[in-house]
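Asker:
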Amino acid sequence: MLRQYELLEKVRSYDPDADEAMINRAYVFSMQKHGSQKRASGDPYFSHPIEVAGILTDLRLDDETIVTAILHDTIEDTVATPEEIEKVFGKNIARLVDGVTKLSKIEAQSESQRAAENLRKFLLAMSSDIRVLLVKLADRLHNMRTLHFIRNEDKRKRIARETMDIYAPLAERIGMYEFMQEMQTLAFRELEPDAYASISRRLEQLHKGDGDLIERIGRGIKAHLEAHGLEAELQGREKHPYSIWRKMAERHVSFEQLSDVMAFRAIVDSLDGCYRTLGLIHQRWPMVPGRFKDYISTPKRNGYSSLHTSVIHDEQMRIEIQIRTREMHVQAEHGLAAHWAYKEGKPAAKTQHPWISDLIEILEHAGSAEELLEHTRMAMYQDRIFAFTPKGELIQLPKGATPVDFAYAVHTDLGDQTVGAKVNGRVMPLRTPLDNGDQVEILVSRAQHPQPSWLNFVVTGKARAKIRRFVKSKEREETVALGRKIFDEIVQRLPGALGWEAMAEALKRLNLHDDDSLMEAIALKRIDDVHVMEALMPGSTGVAGVQPPPQRQAISIKGLTPGVAFDLAECCHPIPGDRIVGLRREGTGIEVHTIGCQRLADGIDADWVDLAWGDESDGGTARLCIVIKNEPGSLATITGVLGNHGANIVSLDQTNRDGAFHTFNLDVEVHNIQHLMRILAGLRATDVVSTAERL
Ligand code: MN
3 MLRQYELLEK VRSYDPDADE AMINRAYVFS MQKHGSQKRA SGDPYFSHPI EVAGILTDLR
63 LDDETIVTAI LHDTIEDTVA TPEEIEKVFG KNIARLVDGV TKLSKIEAQS ESQRAAENLR
123 KFLLAMSSDI RVLLVKLADR LHNMRTLHFI RNEDKRKRIA RETMDIYAPL AERIGMYEFM
183 QEMQTLAFRE LEPDAYASIS RRLEQLHKGD GDLIERIGRG IKAHLEAHGL EAELQGREKH
243 PYSIWRKMAE RHVSFEQLSD VMAFRAIVDS LDGCYRTLGL IHQRWPMVPG RFKDYISTPK
303 RNGYSSLHTS VIHDEQMRIE IQIRTREMHV QAEHGLAAHW AYKEGKPAAK TQHPWISDLI
363 EILEHAGSAE ELLEHTRMAM YQDRIFAFTP KGELIQLPKG ATPVDFAYAV HTDLGDQTVG
423 AKVNGRVMPL RTPLDNGDQV EILVSRAQHP QPSWLNFVVT GKARAKIRRF VKSKEREETV
483 ALGRKIFDEI VQRLPGALGW EAMAEALKRL NLHDDDSLME AIALKRIDDV HVMEALMPGS
543 TGVAGVQPPP QRQAISIKGL TPGVAFDLAE CCHPIPGDRI VGLRREGTGI EVHTIGCQRL
603 ADGIDADWVD LAWGDESDGG TARLCIVIKN EPGSLATITG VLGNHGANIV SLDQTNRDGA
663 FHTFNLDVEV HNIQHLMRIL AGLRATDVVS TAERL
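Using my numbering, you'd call the opening residue of the sequence shown number 3 and step up by one each time.
1) Tell me whether residue 474 is buried or exposed, calling it buried when 16 or more other Cβ atoms sit within 10 Å of its Cβ.
2) How far does the alpha helix (DSSP H) with residue 13 in it reach, from first residue to last?
3) What's the C-alpha gap between residue 330 and residue 276?
4) Should residue 50 be listed as close to ligand 1, given that the test is whether its C-beta is under 7 Å from any heavy atom?
5) Would the C-beta of residue 141 count as close to ligand 1, meaning under 7 Å from any of its heavy atoms?
6) Any chance the CB of residue 262 is under 7 Å from a heavy atom of ligand 1?
7) Is DSSP giving residue 423 helix, strand or coil here?
8) Below 8 Å CB to CB, which residues in the same chain sit around residue 29 once its five sequence neighbours on both sides are set aside?
9) Can you give the Cα-Cα distance for residue 75 and residue 103, rounded to whole angstroms?
10) For the segment 498-505 and the segment 463-471, state whether three or more C-beta atom pairs, one from each stretch, are separated by less than 8 Å.
11) Mapping DSSP to helix, strand and coil, what is residue 627?
12) Could you name the residues that DSSP lists as bridge partners for residue 289?
13) Compute the Euclidean distance between the alpha carbons of residue 287 and residue 229, then round it to the nearest angstrom.
14) For residue 36, verify whether its CB is less than 7 Å away from any heavy atom of ligand 1.
15) Between the segment 573-585 and the segment 408-421, can you find at least three pairs of beta-carbon atoms closer than 8 Å?
16) Cα-Cα, which of 616, 531, 623 is closest to residue 570?
17) Anyone know if the C-beta pair for residue 702 and residue 65 falls short of 8 Å?
18) Are residue 509 and residue 529 close, meaning C-beta to C-beta below 8 Å?
19) Is residue 214 near ligand 1, going by C-beta to nearest heavy atom under 7 Å?
20) Need the endpoints of the beta strand (DSSP E) that residue 658 sits in, please.
21) By how many angstroms is the C-alpha of residue 273 removed from the C-alpha of residue 310?
22) Where does residue 459 fall in DSSP's three states?
23) So the candidates are 594, 493, 527; which of them puts its Cα closest to the Cα of residue 543?
24) When every heavy atom of ligand 1 is checked, does at least one fall within less than 7 Å of the C-beta of residue 75?
25) State the beta-bridge partners of residue 265 as determined by DSSP.
26) Thinking C-alpha only, which one of 432, 527, 487, 450 is nearest residue 609?
27) If I measure Cβ to Cβ from residue 22 and keep anything under 7 Å in the same chain, skipping five residues before and after, which residues do I get?
28) So the candidates are 227, 587, 580, 84; which of them puts its Cα closest to the Cα of residue 447?
29) So what does DSSP say about residue 523, is it helix, strand or coil?
30) Does DSSP put residue 202 in a helix, in a strand, or in coil?
31) Mind reading off the beta-carbon distance from residue 98 to residue 138? Whole number of angstroms is fine, and I expect it under 8 Å.
32) Quick check: residue 159 and residue 193, are their CB atoms within less than 8 Å of each other?
33) Which value, in whole angstroms, describes the spacing of the CA atoms of residue 93 and residue 82?
34) Could you name the residues that DSSP lists as bridge partners for residue 147?
35) What are the boundary residues of the beta strand (DSSP E) that residue 2 is part of?
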């Protein structure tokens, strides 16, 4: 067990300004509170929080995190109260310990795979301060290291399964690969003891066959680099049993077929050195096609950067090589924790919250780890939400983000082809703001393109940029198509047929170089119809019988490309002001439905188009159901109300005439939803109306 002075020495070794008195206080407090409690190993319980603190000192975390680790089980497992901790250690520590305690409470409920997903989600959402999560992960790691002491096999398996499903992926997500690998190895040993034993045995045999094979290969690579004037630290290792096992399972290969069980790491001084190292290695050993990955130019989402390649080493053996700088290496091993680690030359006491200065530091170096910065801001400011893909992948978005932002965050192609979204299993409009923990499934169609109307609600820069770029490229194309339609109408109105040279002549007269420019000019109303007609056929507009231009449509809908035909659906009779959505099926125009329409459920296979009414839209037919008293003059009262509101009755249908009440269905022309609401209120206000509803 780690002694008090050993723990202090560890902290002091990287942070000479740590609050030692506070650490000592925590040590004594925890020891007293845990008293004579014992671990399954027979050790005093108190050894556990100290070991957890020890794990965190390896990550060089600040004194508050260390103290939180020492106290992390006191509220849950002893008589200590949050108030007591706040009194002795202050608000900050109390908040952190409380956070860890809350995480531990959620832990007890997980069972199925579904629960595992929820749990990951809650753990992240509740870790308002990332240090809470770091303590929780270290806690789990130590529990895994001591798992074999637990006698009850079911309990051991349950803990191992939970570690595999929840904590190892969490560690991976924040880039703590060391934690992830150790957790996976320990859990794998518990869950698949036979497979673990067999793989371990085979790895041992590899050693026997060739002695220090790994060391020899490592030395060879180092010598090759040095011969070309490049200094590198070479680390060689076998792959972890669990990752070997997973590869065997995923690729359906046997251990013998799985040639790359060894991995090497070259750590060099500079970014430049990474690429030179790569070049030298590829010159000397043939690379395995398809295995090269440049995570330096495109870091992983959690900030990980390195070059990965596999080469065929002598003796026809494939080996994997990772190339990175020292900085990237620390980042890769410790992930997010690396950013909370105490940095030399920066006194921790400078500010009350060391992570604020860390945040500033991250901001200053944001270029290299943009995604990491996003994580950090989430933890600090709570201005982010987490949403999940159906496979459980976590997508982080700013607050207010919609399914379209989500789709673009996952992949540009997914965003481009979005036609609808299921949020937590229900089809929702694309403009719906997502909530923390939502599971989002994007419905796609290859025929879909980014919609200009999306610009009205997307919040992420990525989505905005992608949509704009597409819209710009499409805009002219569509404008030209619209112009061509209008042009065809104009030609119809001419008093005679056009000769084959008429177009060329017209372009010359209008001083335009091609058809498309003319169509564009027509669509944008830069040239009016009369000028076009005169250009095509001089003198034609003076001739009698030329048809007047068609009337403008009173309804306009944002989100539709100009000229696209649409129908207001008969089932729900949308009127301006209703929230609407369009269904597009092949070969037909767009059906416009209200968002609450029952029929939308049938339209899952159709393309969904997010729509909104144009500002100047006016007029629509609403279907009402009215139940009125069966007495003389009732109907006159109804028509009177409608007349007073300036609403026109299109049709009236008596659906029920039994007893004291009569039921009517009416179709009424109204301006918009507000108009309809006033009419319904007016109807309900009369003493003959029992109920008045929109159908
Ligand atoms: Mn614990």
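Every residue gets a Cβ at the ideal spot worked out from N, C-alpha and C, and that includes glycine.
Answerer: In short, the structure shows the following:
1) Here residue 474 refers to the residue found at position 472 of the sequence shown. Residue 474 is exposed by the Cβ-count criterion.
2) Against the sequence shown, residue 13 aligns to sequence position 11. Counting along the chain, residue 13 sits inside the alpha helix (DSSP H) bounded by residues 6-16.
3) For the purposes of this step, residue 330 is identified with residue 328 of the sequence shown, where counting begins at 1. For the purposes of this step, residue 276 is identified with residue 274 of the sequence shown, where counting begins at 1. Cα to Cα, residue 330 sits roughly 11 Å from residue 276.
4) Locating residue 50 in the sequence shown gives position 48, counting from the first residue. At least one heavy atom of ligand 1 sits closer than 7 Å to the Cβ of residue 50.
5) As a first step, residue 141 must be located in the sequence shown, where it is residue number 139. Taking non-hydrogen atoms of ligand 1 into account, the C-beta of residue 141 is found less than 7 Å away from one of them.
6) Here residue 262 refers to the residue found at position 260 when the sequence shown is read from its first residue. Taking non-hydrogen atoms of ligand 1 into account, the C-beta of residue 262 is found less than 7 Å away from none of them.
7) As a position in the sequence shown, residue 423 is number 421, starting the count at 1. Residue 423: strand per DSSP, three-state reduction.
8) Reading the sequence shown from its first residue, position 27 is the one you call residue 29. Only 6, 9, 52, 72 meet the Cβ criterion.
9) Position 73 of the sequence shown, counted from the start, is the residue given in the question as residue 75. Position 101 of the sequence shown, counted from the start, is the residue given in the question as residue 103. In a straight line, the C-alpha of residue 75 is about 7 Å away from that of residue 103.
10) Contact between the segment 498-505 and the segment 463-471 is not established, with fewer than three Cβ pairs separated by less than 8 Å.
11) Numbered from its first residue, the sequence shown carries residue 627 at position 625. Looking at residue 627 - three-state DSSP - the assignment turns out to be strand.
12) For the purposes of this step, residue 289 is taken as the residue at position 287 of the sequence shown. 313, per the DSSP bridge assignment.
13) Within the sequence shown, residue 287 is the residue found at index 285, counting from 1. Within the sequence shown, residue 229 is the residue found at index 227, counting from 1. Between the C-alpha atoms of residue 287 and residue 229 there is a straight-line separation of about 15 Å.
14) Position 34 of the sequence shown, counted from the first residue, corresponds to residue 36. It does not: the Cβ of residue 36 is nowhere closer than 7 Å to a heavy atom of ligand 1.
15) Judged by pairs of C-beta atoms under 8 Å, the segment 408-421 does not touch the segment 573-585, as fewer than three such pairs exist.
16) Position 568 of the sequence shown, counted from the start, is the residue given in the question as residue 570. By alpha-carbon distance to residue 570, the top candidate from 616, 531, 623 is 623.
17) Since the first residue shown for the chain is 3 and the last is 697, residue 702 is missing from the structure and cannot be characterised.
18) Locating residue 509 in the sequence shown gives position 507, where the first residue counts as 1. Locating residue 529 in the sequence shown gives position 527, where the first residue counts as 1. Inclusion of residue 509 and residue 529 in the CB contact set at 8 Å is not warranted, their separation being larger than that value.
19) Here residue 214 refers to the residue found at position 212 when the sequence shown is read from its first residue. It does not: the Cβ of residue 214 is nowhere closer than 7 Å to a heavy atom of ligand 1.
20) Position 656 of the sequence shown holds residue 658. 650-658 is the span of the beta strand (DSSP E), which, as asked, contains residue 658.
21) In the sequence shown, counting from the first residue as 1, residue 310 sits at position 308. In the sequence shown, counting from the first residue as 1, residue 273 sits at position 271. One C-alpha to the other measures close to 14 Å.
22) Your numbering for residue 459 matches position 457 in the sequence shown. Here DSSP, grouped into helix, strand and coil, assigns residue 459 to coil.
23) Locating residue 543 in the sequence shown gives position 541, where the first residue counts as 1. Taking only the C-alpha atoms, the option nearest residue 543 is 493.
24) Here residue 75 refers to the residue found at position 73 of the sequence shown. Answer for residue 75: yes, Cβ within range of ligand 1.
25) For the purposes of this step, residue 265 is identified with residue 263 of the sequence shown, where counting begins at 1. Note: residue 265 sits in a beta bridge opposite 239, 322.
26) For the purposes of this step, residue 609 is taken as the residue at position 607 of the sequence shown. Ranked by how close their Cα comes to the Cα of residue 609, the residues 432, 527, 487, 450 have 450 in first place.
27) Counting from one through the sequence shown, the residue named residue 22 turns up at place 20. Closer than 7 Å at the Cβ level, and outside the excluded window around residue 22, lie 10.
28) The residue you call residue 447 lines up with position 445 of the sequence shown. From the listed residues 227, 587, 580, 84, the smallest Cα separation to residue 447 is found for 587.
29) Here residue 523 refers to the residue found at position 521 of the sequence shown. The three-state reading of DSSP puts residue 523 in helix, counting H, G and I together.
30) To locate residue 202, count along the sequence shown from 1; it is residue 200. In the three-state reduction of the DSSP assignment, residue 202 falls in the helix class.
31) Against the sequence shown, residue 98 aligns to sequence position 96. Against the sequence shown, residue 138 aligns to sequence position 136. Between residue 98 and residue 138, the beta carbon gap of about 11 Å keeps them out of contact (Cβ cut-off 8 Å).
32) Locating residue 159 in the sequence shown gives position 157, where the first residue counts as 1. Locating residue 193 in the sequence shown gives position 191, where the first residue counts as 1. Taking a C-beta distance under 8 Å as the contact criterion, residue 159 and residue 193 qualify as a contact pair.
33) For the purposes of this step, residue 93 is taken as residue 91 along the sequence shown, with counting starting at 1. For the purposes of this step, residue 82 is taken as residue 80 along the sequence shown, with counting starting at 1. Approximately 15 Å between the Cα atoms of the pair.
34) The count along the sequence shown starts at 1 and reaches residue 147 at position 145. None, per the DSSP bridge assignment.
35) Examination of residue 2 is not possible in this model, given that the chain is present from 3 through 697 alone.
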